[in-house]
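Asker:
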Amino acid sequence: MAKKPNKLKARLPRGFVDRSADDIRATDEMIGKIRAVYEQYGFDPVETPAFEYTDCLGKFLPDTDRPNAGVFSVQDDDEQWMSLRYDLTAPLARHVSENINEIQLPYRTYRAGWVFRNEKPGPGRFRQFMQFDADTVGAPGVQADAEMCMMMADTMEALGIPRGQYVIRVNNRKVLDGVLESIGLGGEENDERRLTVLRAIDKLDKFGIEGVRLLLGEGRKDDSGDFTKGAGLEASAIDTIADFVAGTGSLENEGIAELNTMAGMFKACGYGDDRIKIDPSVVRGLEYYTGPVYEAELLFDVTNEKGDVVQFGSVGGGGRYDGLVKRFTGRDVPATGFSIGVSRLMTALKNLGKLGSSDVVAPVLVTVMDGDVDALGRYQKMVQDLRSAGIRAEMYQGNWKKFGNQLKYADRRNCPVAIIQGSDERETGELQVKDLIEGKRLSEEITDNITWRESRPAQITIREADLIETVRDILDGQADDRRRQSEG
RNA sequence: GCAGACGUAGCUCAGUUGGUUAGAGCGUCGGAUUGUGGCUCCGAAGGUCGGUGGUUCGAAUCCACUCGUCUGUACCA
14 MAKKPNKLKA
24 RLPRGFVDRS
34 ADDIRATDEM
44 IGKIRAVYEQ
54 YGFDPVETPA
64 FEYTDCLGKF
74 LPDTDRPNAG
84 VFSVQDDDEQ
94 WMSLRYDLTA
104 PLARHVSENI
114 NEIQLPYRTY
124 RAGWVFRNEK
134 PGPGRFRQFM
144 QFDADTVGAP
154 GVQADAEMCM
164 MMADTMEALG
174 IPRGQYVIRV
184 NNRKVLDGVL
194 ESIGLGGEEN
204 DERRLTVLRA
214 IDKLDKFGIE
224 GVRLLLGEGR
234 KDDSGDFTKG
244 AGLEASAIDT
254 IADFVAGTGS
264 LENEGIAELN
274 TMAGMFKACG
284 YGDDRIKIDP
294 SVVRGLEYYT
304 GPVYEAELLF
314 DVTNEKGDVV
324 QFGSVGGGGR
334 YDGLVKRFTG
344 RDVPATGFSI
354 GVSRLMTALK
364 NLGKLGSSDV
374 VAPVLVTVMD
384 GDVDALGRYQ
394 KMVQDLRSAG
404 IRAEMYQGNW
414 KKFGNQLKYA
424 DRRNCPVAII
434 QGSDERETGE
444 LQVKDLIEGK
454 RLSEEITDNI
464 TWRESRPAQI
474 TIREADLIET
484 VRDILDGQAD
494 DRRRQSEG
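Going by this note's numbering, the first residue of the first sequence is number 14, and it counts up by one from there.
1. Determine, using beta-carbon pairs with one atom in the region 371–382 and one in the region 175–194, whether at least three such pairs fall under 8 Å.
2. Would ARG124 pass as a contact of ASP146 if the rule is Cβ separation under 9 Å?
3. Does the distance from the C-beta atom of ILE353 to that of THR149 stay below 9 Å?
4. Assign GLU271 to one of three DSSP states: helix, strand, or coil.
5. Ignore the nearest five residues each way along the sequence and tell me which others in GLY28's own chain have a CB closer than 6 Å to its CB.
6. How many angstroms separate the CA atom of ASP89 from the CA atom of LEU337?
7. Pairing CB atoms from the region 268–280 with CB atoms from the region 294–312, are three or more of them under 8 Å?
8. Are ILE404 and VAL295 close, meaning C-beta to C-beta below 9 Å?
9. Measuring straight from C-alpha to C-alpha, what distance separates ASN114 and LYS234?
10. Would DSSP call ILE214 helix, strand or coil?
11. Can you tell me the Cα-Cα spacing of ILE116 and GLN419, whole angstroms?
12. Measuring straight from C-alpha to C-alpha, what distance separates ALA255 and GLY197?
13. Can you tell me whether ASP383 is helix, strand or coil according to DSSP?
14. CB GLU65 to CB SER110, shorter than 9 Å?
15. So who's on the other strand from VAL87, going by DSSP bridges?
16. Would you mind sorting SER356 into buried or exposed? The rule is 16 or more other CB atoms within 10 Å of its CB.
17. Under 7 Å Cβ to Cβ from GLY326, same chain only, skipping five residues before and after it: list those, please.
18. For the region 302–382, list the beta strand (DSSP E) runs that are entirely contained and at least 3 residues long, ordered along the chain.
19. Of the residues ALA259, PRO175 and PHE85, which one's Cα is nearest the Cα of ASP292?
20. Report, in whole angstroms, the separation of the C-beta atoms of LEU480 and ASP387, which I expect to be a contact under 8 Å.
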């Protein structure tokens, strides 16, 4: 027997997903709400491309063992390396620097876009995802940072997350730096250990204070038995840090002063601890942040597809990055901004029931009984009339000779209404209008096929001229039912 | 990256100490029904048993390597 030719296997690269109609509509809705807040605050949109020259994206990674790890890079035909952007901040710094003479500072801008990371994907973690950023470039004062925090809080609420179910946590890198200096970890020679300590503090949510202490000391064994090496600090140094993240340490420095200024602004604007909170354990973006850092955290439980409760953690964050533009221009251009993880946040909002199944109704289906040119023209005209009346509609485009398949198609697409006109109806100037939703309900009471077919459930005969009015009545009735159900 | 678990049809899974042509349910497609969705009945398609190599008379089953998935951890600019 001849060997079958090998079929090409259709497969998606790992860590990437195809997006469904529901997902796309929900994302559009979210982005619309976020944009409205940013616009209200006086921010303008700008868009940069997905690719940048690799050197413009910058390298903030300390480990040079894997210089290209994390990004997708390709070599252009002039042999220059380009990379897909891994966030929206570095490209903005490039854009501002390149147009620094035309851009009026302070520059208040927002943008949504796909970013790409070449790393291990996991559930809810992809190699392409959407971020929605807002930044103020050319603003040296912490009032700009405070505004960012308040805008994040407003955005959470605009998305329907109730007060108390989210919190914006704020810290300042200068505070952390001060603490580290006080335990003798100042100076360049301790860069590596400082990083390890910061990463350990960042794990507070995950492992609790005891886990963090292990990571600051000898190290910690994970659930699979693998061992993570710690920072190897002295017991007294660990105590100092533990006191600090618990908020019981005492310290005076520039970072604390900045946090106090910001706290004062939050209070003056009526943003209490239930919305924005100073939290000494916030670390974030370990390399390029230079001042205030902040992140948005969800406080409600999220259950995944398997029904497990998962820790959702941060859905966005940001901070002050005073050095990024200077890399290009040599000029001090202080900036602050934050990023919302759109895809992640959407998962959470679905859980909260804030993004229900979309309210987009499938089209009305005009079925095809006769395939001659005259008949097809009549069917298409009905479709156009429905569309002109603002009703989503389509003519069946499959094999019209199998009429049963047309209704099956309508059923599977959740079409609300089907229009039927064969030669019998045509002769009398009539139409059959079938309410498919009501028909589905009635089908539960009918068990034998003959009755089902002959009773033609939820189907009425009308004059051709009454098409629009009848369809509209049925659609309105269905919309009322949906409303009652979602309320009850 | 490190550690562990797991890979059989589109999906969920059976498959005996290594033994003939690898099965079921659901789903898909066709028919019963040339002009009516659901139900029911009948039929069909769909598998390199993740891949490669090895042990063996014989491998879905045992071994090695590899790829992939999942869990934890690391990294996350």
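Cβ coordinates follow ideal geometry from the N, Cα and C atoms, glycine included.
Answerer: With the structure as the only source:
1. no
2. yes
3. no
4. helix
5. PRO134, PHE139 and ARG140
6. Their backbone Cα atoms lie some 25 Å apart in a straight line.
7. yes
8. Contact: no.
9. 53 Å
10. In this structure, ILE214 counts as helix in the three-state DSSP scheme.
11. Answer to the nearest angstrom: the Cα atoms are 57 Å apart.
12. 16 Å
13. coil
14. no
15. MET95
16. Looking at its Cβ environment, which holds 16 or more other Cβ atoms inside 10 Å, SER356 is buried.
17. ASP218 and GLU310
18. 305–311, 327–333, 348–354 and 377–379
19. That would be ALA259, whose Cα lies nearest to the Cα of ASP292.
20. Not really, about 18 Å apart at Cβ, beyond 8 Å.
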